[in-house]
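Residue numbers (UniProt numbering): 1 to 372.
Now the structure itself:
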């Protein structure tokens with residue numbers, strides 16, 4: 001055990017020398033750092049280390065690294081920047097000193113060693129406590145915050161040890177979707193997670209939300225590219241007026257002339273393309289809904305959440321899917337009193353909202369008449 005601890009301490013020598021050479025820590029402070037690290041290393045190497053030993057060591061390493069970063073920033077801020085006039089008057093010797101100062105604060109081993117050592121301690125902790133989900137999530141969150149390339153490897157290890165935990169699948173898919181911007185990998189993770197945890201309502205709901213979010217992103221992209229007919233297509237009057245005002249800019253194009261028949265064909269093609277896009281989107285949502293029904297046929301809560309999500313988004317050609325969900329609810333839960341209670345509350349809220357809108361319209365009409 002002592003030989004292993006001594007070996008790990010000797011591997012820190014380059015980092016400690018760099019900290020002293022840069023003036024970030026004094027020799028006495030570094031001696032204290034070595035002493036504390038030696039104590040923690042012996043605690044981790046004893047016969048039955050505790051989870052708290054690993055977490056205490058990680059917390060200490062993070063405090064030391066935060067102090068290093070704070071002192072480095074303070075020294076850099078205190079270093080005066082030469083003005084243009086000073087630069088003109090610099091001798092060759094001053095120029096060499098300035099280059100040496102820049103080289104001194106370039107990225108070096110002490111800037112990375114702290115993070116790498118924390119990752120190593122997390123690795124040892126998860127090897128020792130494979131079944132501790134809290135430890136795995138701490139490890140994943142640290143990798144995510146530091147943007148380290150070990151994220152995928154750690155996610156794969158966590159899922160391999162805990163394939164029946166929906167939270168891990170959702171965390172991994174969310175990271176792929178939001179930060180790694182890999183929609184295919186996020187979808188594959190959600191589908192694999194649903195095969196491992198088919199009875200997880202949260203996973204079905206998150207999968208549905210992820211696909212709807214992706215559809216909205218594709219929609220925004222189509223709008224930016226000018227492929228959305230309803231939002232970016234100019235009216236015929238505006239288009240004709242603009243061409244008339246700027247005809248000198250494209251006379252060669254107008255000499256051939258765009259017939260109304262050709263423009264109509266282009267409009268139809270754009271509309272067909274947009275309809276196909278939304279039909280494919282609704283098909284994906286319907287597939288998720290049918291999969292959730294097969295996995296959890298007796299879950300009223302899941303059906304209600306899916307319907308709430310469909311009602312909260314503006315998805316073209318989705319009215320048929322909403323009606324299908326309502327019909328399935330009535331067919332499968334007509335003997336369930338919770339269903340009738342939910343349906344009554346839903347209709348009551350709809351009637352209240354409609355009456356409120358009617359009252360607002362009546363008040364606005366009266367105000368308009370009084371103003372006139």
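All C-beta atoms, glycine included, are put in the ideal place defined by N, C-alpha and C.
Looking only at 185, 114, 79, the smallest Cα-Cα distance to residue 19 is reached by 114. Distances from the alpha-carbon of residue 111 to those of 145, 28, 69 put 69 closest. The beta carbon of residue 24 sits closer than 7 Å to the beta carbons of 68, 71, 72 from its chain, once the five residues preceding and following it are set aside; these are given in chain order. In the assembly as shown, residue 147 is an exposed residue. Its beta-carbon has fewer than 16 other beta-carbons within 10 Å.
Between the C-alpha atoms of residue 141 and residue 157 there is a straight-line separation of about 14 Å. Taken through DSSP and simplified to helix, strand or coil, residue 24 comes out as coil. For residue 287, the secondary structure class from DSSP, reduced to helix, strand or coil, is helix. Setting aside the 5 residues that flank it on each side, residue 44 is surrounded in the same chain by 53, 54, 57, 124, each with a C-beta closer than 7 Å to its C-beta; the list follows chain order.
Exposure of residue 131 is indicated by the presence of fewer than 16 other C-beta atoms within 10 angstroms of its C-beta. Taking C-beta atoms under 8 Å as the contact rule, residue 8 and residue 29 fail to qualify, at a distance of about 20 Å.
Across the structure, residue 283 and residue 305 are spaced so that their CA atoms are roughly 19 Å apart. If you draw a straight line from the Cα of residue 163 to the Cα of residue 294, it comes to about 21 Å. Assigned with DSSP and collapsed to three states, residue 166 falls in helix. Note that the C-beta distance between residue 174 and residue 206 is below 9 Å. One alpha carbon belongs to residue 61, the other to residue 181, and they sit about 31 Å apart. When the five nearest sequence neighbours on each side are left out, the beta carbons in the same chain lying within less than 8 Å of the beta carbon of residue 307 are those of 322, 325, 326, 329, in order along the chain. In the three-state scheme derived from DSSP, where H, G and I count as helix and E and B as strand, residue 334 is classed as coil. Between residue 204 and residue 189, the CB-CB gap reaches or exceeds 9 Å. Setting aside the 5 residues that flank it on each side, residue 318 is surrounded in the same chain by 282, 285, 310, each with a C-beta closer than 8 Å to its C-beta; the list follows chain order.
The C-alpha of residue 78 is placed about 46 Å away from the C-alpha of residue 167. Residue 122 and residue 139 do touch by the CB rule: their CB atoms are close to 4 Å apart, below 8 Å. When rounded, the separation of the alpha-carbon atoms in residue 159 and residue 152 is 11 Å. Going by DSSP, residue 6 is part of the alpha helix (DSSP H) stretching over 2-10.
Residue range 183-196 is occupied by the alpha helix (DSSP H) that includes residue 189. According to the DSSP assignment, residue 126 belongs to the alpha helix (DSSP H) that extends over 109-128.
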